[in-house]
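Notes for the one structure printed next.
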Amino acid sequence: MEASTFNQERRQAIPWILWTIWKNINSLLYAETQESPSLLVQRTQEEAALWNKLNKAKSNGGQVQADMGMPKYWFPPTQGMIKCNLHASWRSDKQFIGVAWITRNHRGDVCMHARDAFPTYLGQTGG
Numbered sequence: 016m017e018a019s020t021f022n023q024e025r026r027q028a029i030p031w032i033l034w035t036i037w038k039n040i041n042s043l044l045y046a047e048t049q050e051s052p053s054l055l056v057q058r059t060q061e062e063a064a065l066w067n068k069l070n071k072a073k074s075n076g077g078q079v080q081a082d083m084g085m086p087k088y089w090f091p092p093t094q095g096m097i098k099c100n101l102h103a104s105w106r107s108d109k110q111f112i113g114v115a116w117i118t119r120n121h122r123g124d125v126c127m128h129a130r131d132a133f134p135t136y137l138g139q140t141g142g
């Protein structure tokens with residue numbers, strides 16, 4: 016298959032497709048559950064598009080920076096599903112790690128959320 020017939024968006028989604036297949040096989044084998052193929056495809060496309068958008072390098076005066084900003088859009092999950100978004104940040108000058116999560120339904124209504132900050136010494140071991 017020529018690269019021109021297999022567009023860049025589809026090529027970039029290949030890791031997510033393989034990961035989704037792997038997770039679905041494990042769910043079937045160990046939890047005896049299986050999601051609808053159409054839901055799997057939709058979620059895979061959303062995750063791949065979001066990751067590629069957030070990690071797209073952009074040129075800035077000779078310097079290359081990763082676009083790690085928050086997306087300006089949000090894709091709702093399929094009706095009957097709940098979507099969980101996660102965020103983490105690191106402040107090296109303050110030695111803190113911040114984490115947050117939020118779950119929303121297909122209308123965008125918040126179901127649950129939480130956030131917290133942790134000092135980095137909690138993750139270190141040793142004497």
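Residues in the sequence shown are numbered from 16 upward in steps of one, following our numbering.
The beta-carbon is built from N, C-alpha and C at its ideal position, and this holds for glycine as well.
Keep in mind that this is a model prediction, so the values were computed, not measured.
| Asked | Found |
| --- | --- |
| Near residue 123, which residues of its chain fall below 8 angstroms by C-beta distance, leaving aside the five closest residues on each side in sequence? | 89 and 91 |
| Helix or strand or just coil, what does DSSP make of residue 53? | helix |
| Which stretch, first to last residue, makes up the alpha helix (DSSP H) that contains residue 37? | 23-41 |
| Determine the direct distance from the alpha carbon of residue 48 to that of residue 58, and round the result to whole angstroms. | 17 angstroms |
| Could you check whether residue 105 and residue 63 sit closer than 8 angstroms to each other, using their CB atoms as the reference points? | no |
| Can you tell me where the beta strand (DSSP E) with residue 101 in it begins and where it stops? | 98-106 |
| For residue 95, which of 126, 108 and 46 has the nearest alpha-carbon? | 126 |
| Give the range of the beta strand (DSSP E) segment to which residue 113 is assigned. | 111-119 |
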